[in-house]
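Participant: One structure, as structure tokens, below. Some questions next.
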Amino acid sequence: WERLGVRLPAALARGLESAGLRHPSAIQRAAAPRIFAGESVAVHAETGSGKTLACLVPLLARCRPGVPRQVLVVVPSHQLALQTRDAADALRVDGVPTAELLRPARRARREAALEEQRAEVLIATGGQLAALLPTLESSAGARAALRANLRAVVIDEVDE
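Just so you know, the sequence shown maps onto residues 382 to 541 in the working numbering.
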């Protein structure tokens, strides 16, 4: 990862090491440096090639520890949301940014629920995000909670 120009925080490097991910895959070698540099990218490769980590590793490396909701990952299904969270959790060693699923909430509680989500990486299905949009449109507090620290959006599995 270091040879790619992706400067990993020590905790993330330890997380990759403990997960047995010392060497990036071909898609990770192609995409990670550009994502780390802040470029917008489209990543296309076969299932199991490492696309999720190609995005997550450089974005986790860029996260400011303890600052919530810096990365929003949008996925097509709850199952993929769980898999994405698990991939991020597999890298977690002291100090590695956390990932959590967007919690469903009744309309009256969506703003508060969003503000309570403290993980650096927030993972949502398209349906969950669509349900949140009216709250974002009508509530300056909810918009501020999401936009204040948001640095990257990942739209995963756009072909589904």
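Where is the CB? At the ideal position from N, CA and C, for every residue including glycine.
By alpha-carbon positions, which one of R490, R415, T479, K432 ends up nearest to V448?
Facilitator: Ranking R490, R415, T479, K432 by Cα distance to V448 puts T479 first.
Participant: Which of the three DSSP states, helix, strand or coil, is assigned to L393?
Facilitator: L393: helix per DSSP, three-state reduction.
Participant: Could you check what DSSP says for T506 in three-state terms: helix, strand or coil?
Facilitator: If DSSP states are grouped into helix, strand and coil, T506 belongs with the strands.
Participant: Mark T428 as exposed unless 16 or more other C-beta atoms lie within 10 angstroms of its C-beta, in which case mark it buried.
Facilitator: Classification for T428: exposed.
Participant: Could you compute how far the alpha carbon of D537 sits from the alpha carbon of Q460?
Facilitator: Distance between the alpha carbons of D537 and Q460 is about 13 Å.
Participant: Given this structure, state the Cα-to-Cα distance separating P446 from E501, to the nearest angstrom.
Facilitator: Straight-line Cα distance between these residues: approximately 8 Å.
Participant: Quick check: what's the CA-CA separation for D475 versus I504?
Facilitator: Taking the straight line from one Cα to the other gives about 21 Å.
Participant: Please classify E497: is it buried, with 16 or more other beta-carbons within 10 angstroms of its beta-carbon, or exposed?
Facilitator: Answer is exposed; the Cβ neighbour count stays below 16.
Participant: For the alpha helix (DSSP H) containing E492, list its first residue and its last residue.
Facilitator: 491–497 is the span of the alpha helix (DSSP H), which, as asked, contains E492.
Participant: As a quick exercise: from D467, L440, E518, pick the residue whose alpha carbon is nearest that of E492.
Facilitator: Checking every option, the nearest Cα to that of E492 belongs to E518.
Participant: Report the CB separation of A526 from L495 in whole angstroms; it is logged as a contact under 8 Å.
Facilitator: With 8 Å as the limit, A526 and L495 qualify as a contact, their Cβ atoms being about 5 Å apart.
Participant: When the cut-off is 9 Å and only beta carbons count, does R473 lie next to chain C?
Facilitator: Annotation note: the requested chain C is absent from the structure, which comprises a single protein chain.
Participant: Taking buried to mean at least 16 other C-beta atoms within 10 Å of its own C-beta, is G396 buried or exposed?
Facilitator: Answer is buried; the Cβ neighbour count reaches 16.
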